[in-house]
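These notes are about the structure you will find just below.
In this note's numbering, the protein residues as written are 127 to 223.
Here it is in structure tokens:
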């Protein structure tokens, strides 16, 4: 199975995904704005998992982007989803892992 099949397992009726990790994750548009995009542009597989902070935190990437403005509950949920996705990923472990 491919990563999308792992991520999209158990879709909810509202169109959100991630039930396998215990989360409801929306599929976002405009995914070419992050660090993975240059890899995709060169047909190198890459993954972007995001907590969408840039859409929710007005301080994102500004001088006021300090620890007290972060949503730690959301941060923990994204970390949990990332770990669950990595654990469910089929195939070989990365070199050096």
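Note that CB positions come from ideal geometry on N, CA and C, so glycine has one too.
For residue 200, the enclosing alpha helix (DSSP H) starts and ends at 198–214. Going by beta carbons, residue 172 and residue 162 fall inside the 8 Å limit. Separation of residue 195 and residue 168 (C-alpha to C-alpha, rounded to the nearest whole angstrom) is 35 Å. Between residue 175 and residue 202, the CB-CB gap reaches or exceeds 8 Å. Going by DSSP, residue 172 is part of no alpha helix (DSSP H) at all; its letter is neither H nor E. Listed in chain order, the non-local C-beta contacts of residue 212 below 8 Å within the same chain number zero, local neighbours out to five positions each way being set aside.
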